[in-house]
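Only one structure is covered here, and it is reproduced in the block below.
2 protein chains.
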Amino acid sequence: MNDHITSEDDFLALIAEKFPNNHPSLILGRGDDCAEIACSSQMAVSTDIFLEDVHFRRTYFSPFEIGYKALAVNISDIASAGARPLGISIGLVTPTPFPREEAVSILDGMAQAAKEHDIVLTGGDLSRGDKLSFCVTIYGSPTIPEGKKPRFLRRGPVAPGDKLFVCGHLGLARAGLMLLEEHGRNAARDFPVACAAHLMPVPLVHVGMLLASIPGCRVMDISDGLARDLPRLLKAYGTDYGANISLPETALHPEVIAYSQKSGHSPAHFAFLGGEDYALLGACPADVAECLDMTMQSLPENVPFFFMGTVTEQPGIICNAERFADVGFDHFSQRSKT
Amino acid sequence: MNDHITSEDDFLALIAEKFPNNHPSLILGRGDDCAEIACSSQMAVSTDIFLEDVHFRRTYFSPFEIGYKALAVNISDIASAGARPLGISIGLVTPTPFPREEAVSILDGMAQAAKEHDIVLTGGDLSRGDKLSFCVTIYGSPTIPEGKKPRFLRRGPVAPGDKLFVCGHLGLARAGLMLLEEHGRNAARDFPVACAAHLMPVPLVHVGMLLASIPGCRVMDISDGLARDLPRLLKAYGTDYGANISLPETALHPEVIAYSQKSGHSPAHFAFLGGEDYALLGACPADVAECLDMTMQSLPENVPFFFMGTVTEQPGIICNAERFADVGFDHFSQRSKT
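Going line by line, the protein sequences match chains A and B. Counting in our numbering, the first sequence runs from 1 upward without gaps. Counting in our numbering, the second sequence runs from 1 upward without gaps.
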């Protein structure tokens, strides 16, 4: 019996077991120098890095969760474009020797995320390295028929008076991260939803597609926290607006409130800082807000949707009548929160 | 003055300086969750990892060369598909703090490779990490008009009697690698071409496009050495053929011969093991060989093209009348050569 991956071919054979090499959008699958994909006239493309000890820990993530999240964070970008995910290409680095059982579980997690969204693995590259790391490039096609605009959702431009909305939980994944860092998997006993939000975020592909059907919607996903991502929405495409928002406790998950109070933070401020929410943040013209609200009634109960405020002419962010600073996660900055 | 990259935005601003954010194939450039690209009905896609201390050393690569090669090895896959490279999406990991001057030179090298092939940077992701690493996904469009086949070059299937050819140098980059590992940059004094072949390989995009115009050509790039890649060509698409090839010294670069003799290897065997040649290896039906030969006369002198033998019904590889073993580079295997 082999306990470790013995060769590149061995690894490729495992991948072949877990990932079908055919798909309606695939003309030529894995095995050649390039894959050949069937494209619509426009495609949305995005790349994400998912790196051990930067984005995840092998100490408290299961291998399955690592594989799942490596794809989920990337799929979330396609969700925020209102696109239908089609395929991914992956650069996968593992330490050597790498346990076979761990490799199998990672691939199972990746395959699960791919299967949930009917995504084909078109190819990639394998290498040994010091740390486990994933670099995933995803592409997707528009869900809106050709000839109609917009074909993909974009971040902007927004306009003063636009209604700001969020779909998903704010701060929940950050609470999970902090709890897992402090207590490991034991944290899941008292904070199961927060831990799950960090370990296995669910990309809101279906929501993105619904939003793409609403005229004038602007959308992005919240990967670095509302504090950092809301200014990006307000400044996308050359605008420089502000926002007046409110985050009442009714808009927050009970575990966010419980954790904030326990750790001495204001729940709204904690949720505002967020990080890795993978919620969708958007703006829409006031006159479509009612239609949007009705459309979102169809979402399942565990996917909250709420209007949180308005785009203002005046730059800066007012949250719960208080001016909040523009800080969030930055890999290269000294002021990073992790 | 800032000596180091101070933030993600700082890094993004540098990237914006070096890479234009517009291109005929780009509908929406960098800055949103996804880029939007204009596609032909079929696209070729490939991903490569380029990792410090696995694929390159910061001790003897200049930052410019690192950036250049990170893209070149990826562009080579598009060359082997006979495609026109259009865009890339990059996952870039750097240690922190990261010297600004080094970042600038790396980006200059990447921008140079992109410019040479009219490739647009559509987006990517940045992260800190222990080692400098690149994961590049490239896509390209067919150069053959729609409706004609084949639209992209593939590895196979080959057939017995097909003529095997190589465009580029065998073993030259491997000699460069070994010399640089042993002597650092001093190696370039006596072996300038071998060192350059390892440090800044030139992807043969123009050759791939020419090959795509020859009916029945099968092509792949030699990234792991002929010893490992020729069997892949012979076994692609379910075949299991062999090859009878000859690698006379006239087909090898003088620096390969000089280095082999110096280090006690047979030049043919050394070239056969190769590694990182980024030459194009192909097969064509015998009746198009003459036409192919004529077409290749147009290549510049420093890009050698030669027929090296024939696909045989009998599996296994005979080189210079001697049976050569199927070994080459494998990241996960104990029998890897580095």
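By construction, the Cβ of each residue, glycine as well, lies at the ideal position given by its N, Cα and C atoms.
Distance CB(residue i)-CB(residue j) smaller than 7 Å
| i | j | result |
| --- | --- | --- |
| Ile-318/A | Asp-277/A | no |
| Leu-107/B | Lys-18/B | yes |
| Ile-90/A | Val-136/A | yes |
| Leu-121/B | Thr-94/B | no |
| Gly-171/B | Ser-246/B | no |
| Leu-299/B | Phe-305/B | yes |
| Val-207/A | Cys-167/A | yes |
| Gly-140/A | Ala-44/A | yes |
| Thr-47/B | Gly-124/A | yes |
| Phe-56/B | Glu-36/A | no |
| Gly-176/A | Ala-236/A | no |
| Pro-63/A | Glu-102/A | yes |
| Tyr-68/A | Met-200/A | yes |
| His-23/A | Ile-75/A | no |
| Ile-49/B | Ser-127/A | yes |
| Phe-134/B | Glu-8/A | no |
| Phe-417/A | Glu-255/A | For residue 417/A there is no data in the structure shown, the boundaries of chain A being 1 and 338. |
| Arg-311/B | Val-158/B | Residue 311/B is actually Val in this sequence, not Arg. Yes, the pair counts as a contact, with Cβ atoms nearer than the cut-off. |
| Cys-284/B | Leu-292/B | yes |
| Asp-130/B | Asp-130/A | yes |
Inter-residue CB distance, residue i and residue j (contact presumed, cutoff 8 Å)
| i | j | result |
| --- | --- | --- |
| Met-220/A | Arg-84/A | The pair is not a contact, with the Cβ atoms about 18 Å apart (cut-off 8 Å). |
| Gly-109/B | Ile-66/B | 6 Å |
| Leu-234/B | Gly-242/B | 6 Å |
| Leu-211/B | Leu-280/B | 7 Å |
| Leu-71/B | Ala-114/B | 6 Å |
| Cys-217/A | Gly-275/A | The pair is not a contact, with the Cβ atoms about 24 Å apart (cut-off 8 Å). |
| Phe-98/B | Ile-15/B | Going by Cβ atoms, the distance from Phe-98/B to Ile-15/B rounds to 13 Å, so no, they are not a contact pair. |
| Ala-38/A | Gln-261/B | So it is not a contact: roughly 51 Å between Cβ atoms. |
| Ala-188/B | Ala-173/B | The Cβ separation is near 13 Å, so there is no contact. |
| Asp-33/A | Asp-77/B | 5 Å |
| Leu-252/A | Ala-271/A | 5 Å |
| Pro-267/B | Ile-257/B | 5 Å |
| Leu-86/B | Ile-119/B | 7 Å |
| Ala-79/B | Val-205/B | 4 Å |
| Arg-232/A | Leu-28/B | About 15 Å; that fails the 8 Å criterion. |
According to DSSP, residues forming a beta bridge with residue i
| i | result |
| --- | --- |
| Thr-312/A | Gly-242/A |
| Gln-42/B | Ala-38/A |
| Glu-322/B | Cys-319/B |
| Ser-266/A | None; Ser-266/A has no bridge partner. |
| Leu-339/A | An answer regarding residue 339/A cannot be provided, because it is not within the stretch 1 to 338 covered by chain A. |
| His-4/B | Pro-99/B |
| Phe-306/B | Val-166/B |
Residue i at chain C interface by Cβ criterion, 7 Å
| i | result |
| --- | --- |
| Phe-19/A | Of the protein chains in this structure, namely A and B, none is chain C. |
Complete runs of the alpha helix (DSSP H) confined to the stretch 174 to 236 of chain B [at least 4 residues]
187 to 190, 192 to 199, 205 to 212, 226 to 235
Compile a chain-ordered list of the residues in the stretch 26 to 39 of chain A whose CB is closer than 9 Å to at least one CB of chain B.
Ile-27, Leu-28, Gly-31, Asp-32, Asp-33, Cys-34, Ala-35, Glu-36, Ile-37, Ala-38, Cys-39
Where the stretch 236 to 251 of chain B meets chain A: residues whose CB sits under 9 Å from a CB there
Ala-236, Tyr-237
For the stretch 43 to 65 of chain B, enumerate the residues whose C-beta is nearer than 7 Å to any C-beta of chain A, in chain order.
Met-43, Ala-44, Val-45, Ser-46, Thr-47, Asp-48, Ile-49, Leu-51, Val-54
Give the residues from the stretch 131 to 143 of chain B that approach chain A closer than 7 Å (Cβ to any Cβ), ordered along the chain.
Lys-131, Cys-135, Thr-137
Using a Cβ-Cβ cut-off of less than 9 Å, list which residues of the stretch 89 to 100 of chain B approach chain A; keep chain order.
Ser-89, Ile-90, Gly-91, Leu-92, Val-93, Thr-94, Thr-96, Pro-97, Phe-98
Fully enclosed by the stretch 10 to 83 of chain A, which alpha helix (DSSP H) runs are 4 residues long or longer?
63 to 80
Scan the stretch 83 to 155 of chain B and note each continuous alpha helix (DSSP H) run of 4 residues or more that stays entirely inside, going in chain order.
100 to 116
Give, in chain order, every residue of the stretch 1 to 14 of chain A whose Cβ lies closer than 9 Å to some Cβ of chain B.
His-4, Ile-5, Thr-6, Ser-7, Glu-8, Asp-9, Asp-10, Phe-11
To be precise: take each residue of the stretch 302 to 329 of chain A, compare its Cβ to all Cβ atoms of chain B, and keep it if any distance is under 8 Å. Which residues remain?
none
Quick one: which residues of the stretch 99 to 128 of chain A get their C-beta closer than 9 Å to a C-beta of chain B? List them in chain order.
Thr-122, Gly-123, Gly-124, Asp-125, Leu-126, Ser-127, Arg-128
Interfacial residues, the stretch 197 to 230 of chain B to chain A, with Cβ spacing under 7 Å
Met-220, Asp-221
Can you pull out the residues from the stretch 66 to 79 of chain A whose beta carbon lies closer than 7 Å to at least one beta carbon of chain B?
Asp-77, Ile-78
Going along the stretch 149 to 173 of chain B in order, which residues come within less than 7 Å of chain A, judged by CB to CB distance?
Phe-152, Arg-154, Arg-155
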